[in-house]
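Quick notes on the structure that follows.
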Amino acid sequence: MGPLLALASAVCYGIVDFTGGLLSRKVHFAAVTFLGQLGGLLLATTAALLLPADAVRPVDLLWGALSGVGSGAAMHFLNRGLSHGAMSVVVPVSAVTGVALSVVCGVLLGDRPTAVAWLGIALSAPALWMVCRGGRGDRGPDGGGGVPDGLLASAGVALQYIALAQAGAASGLWPVAAGRVAAVLVLLPAAARHPRRLLLPPVRAVQAPLVGAGAALGLILYLLAAQRQLLAVAVVLASLYPALPVILGLALLDERLSRQQVLGLMGAGVATVLLSLG
Numbered sequence: 062m063g064p065l066l067a068l069a070s071a072v073c074y075g076i077v078d079f080t081g082g083l084l085s086r087k088v089h090f091a092a093v094t095f096l097g098q099l100g101g102l103l104l105a106t107t108a109a110l111l112l113p114a115d116a117v118r119p120v121d122l123l124w125g126a127l128s129g130v131g132s133g134a135a136m137h138f139l140n141r142g143l144s145h146g147a148m149s150v151v152v153p154v155s156a157v158t159g160v161a162l163s164v165v166c167g168v169l170l171g172d173r174p175t176a177v178a179w180l181g182i183a184l185s186a187p188a189l190w191m192v193c194r195g196g197r198g199d200r201g202p203d204g205g206g207g208v209p210d211g212l213l214a215s216a217g218v219a220l221q222y223i224a225l226a227q228a229g230a231a232s233g234l235w236p237v238a239a240g241r242v243a244a245v246l247v248l249l250p251a252a253a254r255h256p257r258r259l260l261l262p263p264v265r266a267v268q269a270p271l272v273g274a275g276a277a278l279g280l281i282l283y284l285l286a287a288q289r290q291l292l293a294v295a296v297v298l299a300s301l302y303p304a305l306p307v308i309l310g311l312a313l314l315d316e317r318l319s320r321q322q323v324l325g326l327m328g329a330g331v332a333t334v335l336l337s338l339g
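For the sequence shown, this note's numbering gives the first residue as 62, with consecutive numbering after it.
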C-alpha cells in the first residue's frame with residue numbers, strides 16, 4: 062500500500078507542477094504560490110477534521126510546521142523558476158537534488174534500504190534527469206533558465222519531506238494542516254508588500270487555490286506513504302513526478318519525445334518496480 066500512496070502523491074505533484082507552471086507564466090508567480098497555500102490550508106484542514114486523530118502531539122505539529130516552511134520555500138522558488146525558465150530544466154533540478162538530500166538524511170536518521178531499493182534509488186536520479194533534460198519542446202520564456210531557482214526549491218523539497226516524515230501517525234493529518242499554516246505565514250510578508258499581485262482575474266483566482274489544494278493532497282498521500290515504508294523509498298517514489306509534466310506536455314502541448322526522454326521514462330519505470338519490491 063505504501064508504494065501506491067507514494068506514486069499517487071507523485072501523480073498529484075506532477076499535475077500541480079504542470080498546471081502551476083503554466084499559471085505562473087500568465088499571472089505573477091507570487092500570487093500563484095500564496096493563493097495556492099491558502100487553498101492547500103483549506104483542503105488539509107478539512108481532511109484533518111474528516112479523519113480524526115488519536116492524539117495530536119505538539120511535537121508532531123512542530124514537525125508539520127517545519128515541513129510547511131520547506132513547502133512554502135519550495136513552491137515560491139519553483140513557481141518563480143517556472144515563470145521564466147524551462148519546465149524541463151526547473152522541475153528535474155528541484156526533484157533530483159531534493160531526492161538526493163532526502164535520501165542521505167533518511168539514511169542518517171536510521172533508514173536501512175535493501176540492496177534492491179538502493180538500486181532503484183540509484184537509477185531514479187539519472188532517469189528523472191533524462192526524462193526532463195532531454196526535451197525539445199517548451200524551453201520557457203528565457204530559453205531554458207531557472208536552474209538557481211530549481212536548486213533553491215530542492216532544499217525546500219527535502220525539508221518538506223524529511224520533517225513531515227518525523228510526525229507521528231497518531232496525529233493524523235494535523236501536521237499537514239500545521240504545515241499549510243506555517244507556509245502561509247512564511248509567504249504572508251511578501252504578499253502584504255505587494256497586495257496588487259493578488260488581484261487576479263476570477264478564473265485565475267480560482268485556479269491558483271486549486272493548484273495549492275492539489276499540492277496539499279500530494280503531501281497527505283506522501284505522509285500516509287511515509288508512515289508505511291522507509292523514508293528514502295517514499296521520497297524517491299513520490300519524487301517520480303517530473304515524468305508526468307513531460308507526458309502532459311506531449312498530450313496537451315504537442316511536444317515531441319526525444320530518445321533520451323524515452324530512455325529516462327523506461328528507467329523511471331524500472332526504478333519504480335525496484336523500489337516497490339525493496
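No residue lacks a Cβ here, since even glycine has one placed at the ideal position from N, Cα and C.
Item	Value
Sequence-distant residues of the same chain with beta carbon closer than 6 Å to A332, five excluded per side	G181, L184, S185 and A188
A92 vs R254 beta-carbon contact at 9 Å	no
Short Cβ contact (9 Å threshold) for A134 with L260	no
Cβ shell of Q268 (< 8 Å), same chain only, five flanking positions each side left out	T80 and L84
Per-residue burial, P303 [other beta carbons within 10 Å of its own, 16 or more giving buried]	buried
C-alpha gap between M136 and G101, whole angstroms	12 Å
Beta-carbon proximity of P270 to G75, cut-off 9 Å	no
At least 3 beta-carbon pairs within less than 8 Å: the region 109–129 vs the region 288–299	no
Continuous alpha helix (DSSP H) assignments of at least 4 residues falling wholly in the region 126–169	148–169
Beta-carbon proximity check, V151 vs L162, cutoff 9 Å	no
Option in P263, W190, P209 and I223 with minimal Cα separation from M327	W190
7 Å Cβ shell around A239 - same chain, five flanking residues per side excluded	L122, G125, A126 and G129
Proximity below 9 Å, CB of G131 to CB of L220	yes
L169 burial status per 10 Å Cβ neighbour count (16 or more: buried)	exposed
Y302 - containing alpha helix (DSSP H), residue span	Taken as a continuous stretch (DSSP letters only), Y302 belongs to no alpha helix (DSSP H), as it is neither H nor E.
Close-in-space but distant-in-sequence residues of the same chain around F138 (CB under 6 Å, 5 per side omitted)	D210, L213 and A214
Proximity below 9 Å, CB of V154 to CB of V208	yes
Residue nearest to V88 in terms of C-alpha spacing, selected from P113, T106, R141 and A105	R141
Rounded distance between the beta-carbons of L104 and L234, thought under 8 Å	With 8 Å as the limit, L234 and L104 do not qualify as a contact, their Cβ atoms being about 10 Å apart.
Among A231, S300, A243 and G159, the one whose alpha carbon lies nearest that of Q288	A231
Contiguous beta strand (DSSP E) assignments of at least 3 residues, all confined to the region 67–119	none
Three-state class that DSSP yields for Q288 in the structure shown	coil
Supposed contact pair G325 and Q98 - C-beta distance, whole angstroms, cut 8 Å	Between G325 and Q98 the Cβ distance is about 31 Å, and since that is not below 8 Å, they are no contact.
Under 9 Å between C-beta atoms of F95 and A277	no
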